[in-house]
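Using the working numbering, the first residue of the sequence shown is number 1, and each one after it goes up by one.
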Amino acid sequence: MKIVEREFGPATMKLETGRMAKQANGSVLVTYGDTVVLVAATAAKGSGTGADFFPLSVFYVEKGYASGRIPGGFLKRESRLSDSETLISRIIDRPLRPAFEDNYLAETMIAATVLSHDLIHPSDVAAMNGASAALAISDIPFHNPLGGVRVGRIDGKFVTNPSPEELEVSELNIFMAASKDAILMVEGESNGVSESVMLDALWYGQGAVLPIIEMQEELMQSVGKKKRTVDVPPVDAELKSKIEGIAPKRLR
Numbered sequence: 001m002k003i004v005e006r007e008f009g010p011a012t013m014k015l016e017t018g019r020m021a022k023q024a025n026g027s028v029l030v031t032y033g034d035t036v037v038l039v040a041a042t043a044a045k046g047s048g049t050g051a052d053f054f055p056l057s058v059f060y061v062e063k064g065y066a067s068g069r070i071p072g073g074f075l076k077r078e079s080r081l082s083d084s085e086t087l088i089s090r091i092i093d094r095p096l097r098p099a100f101e102d103n104y105l106a107e108t109m110i111a112a113t114v115l116s117h118d119l120i121h122p123s124d125v126a127a128m129n130g131a132s133a134a135l136a137i138s139d140i141p142f143h144n145p146l147g148g149v150r151v152g153r154i155d156g157k158f159v160t161n162p163s164p165e166e167l168e169v170s171e172l173n174i175f176m177a178a179s180k181d182a183i184l185m186v187e188g189e190s191n192g193v194s195e196s197v198m199l200d201a202l203w204y205g206q207g208a209v210l211p212i213i214e215m216q217e218e219l220m221q222s223v224g225k226k227k228r229t230v231d232v233p234p235v236d237a238e239l240k241s242k243i244e245g246i247a248p249k250r251l252r
């Protein structure tokens, strides 16, 4: 069992692996304040050679018990994903999908389950970071971890992972994902802030996730599995040359 932790905005974020979901290719238990999310990454064997798309599935689930609620309705059971859970699943998918190794097309699933939510520290941020960490330590060909963060701005100062109360008075609400050298995804809204403020918020967010990326790299070095080899399909050089000669501008 391996645990790493860093200060991340208003609280400490802890990544733990080796205690739960051991059958998955990679799994991480993320603790942020009293918010706890279990993220497991599982993939079919091989590299999926022959497929014409990447069958990646991401499921973000907020169980009722995580926040002390009993599901409504007659059956009182957990139902299908809500609109919010579906949107968060897509947000997690968006920056991760292009980060896999080229030509890797094996069926892959990421499941993020909220086990506990303190209603202060964001579970979607924890799930994003947990998904990257679970992939990073697995044998799945995902080599460059990323970090997720929510950025707010209150009284002219940027805030890392603001609470729901802080978001009510924040000038902007940005959920973003970034690597060490690139911003990969931005989702959010603002109250008409200037372009310069928005750019500053993005640079602030990228800097804020660096400790999270460092944690994942530490996990990779200590418990990371050897990445599987990806088969590169053969390319017909003559056909490629003809296509490039017919429509080079369209291809670019």
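We put the CB at the ideal spot given by N, CA and C, even for glycine.
Which stretch, first to last residue, makes up the beta strand (DSSP E) that contains residue i?
i	result
isoleucine 110	108 to 116
lysine 2	2 to 8
alanine 237	Segment 237 to 246 is the alpha helix (DSSP H) holding alanine 237; no beta strand (DSSP E) there.
leucine 15	11 to 17
Can residue i and residue j be called in contact, C-beta distance under 9 angstroms?
i	j	result
methionine 176	glutamate 187	yes
aspartate 139	lysine 227	yes
leucine 15	leucine 96	no
glycine 48	alanine 106	yes
threonine 108	serine 57	yes
glycine 152	proline 162	yes
serine 123	tyrosine 32	yes
glutamine 216	isoleucine 92	no
methionine 13	arginine 19	no
glutamate 62	valine 4	no
valine 223	threonine 17	yes
threonine 160	glycine 9	yes
Within the continuous alpha helix (DSSP H) that includes residue i, where are the two ends?
i	result
methionine 128	123 to 137
glutamate 85	83 to 96
Does the beta-carbon of residue i have 16 or more other beta-carbons within 10 angstroms, so that it is buried, or is it exposed?
i	result
histidine 307	Since the first residue shown for the chain is 1 and the last is 252, residue 307 is missing from the structure and cannot be characterised.
methionine 128	buried
isoleucine 88	buried
phenylalanine 53	exposed
proline 212	Looking at the sequence itself, residue 212 is isoleucine, so the reference to proline does not match. That one is buried.
Would you grab the beta carbon distance between residue i and residue j for me? Rounded to a whole angstrom, and I think it's under 8 angstroms.
i	j	result
alanine 134	valine 28	5 angstroms
asparagine 191	glutamate 171	5 angstroms
isoleucine 154	alanine 41	Between alanine 41 and isoleucine 154 the Cβ distance is about 35 angstroms, and since that is not below 8 angstroms, they are no contact.
proline 174	arginine 150	The amino acid occupying residue 174 in the given sequence is isoleucine; proline does not appear at that position. With 8 angstroms as the limit, isoleucine 174 and arginine 150 qualify as a contact, their Cβ atoms being about 7 angstroms apart.
**Report entry** Runs of beta strand (DSSP E) lying entirely within the region 19 to 76, each at least 3 residues, in chain order
**Finding:** 26 to 32, 35 to 43 and 56 to 62
Query raised in the report: Mind pulling the alpha helix (DSSP H) runs of 4 or more residues that sit fully within the region 152 to 221?
Result: 164 to 169 and 195 to 208
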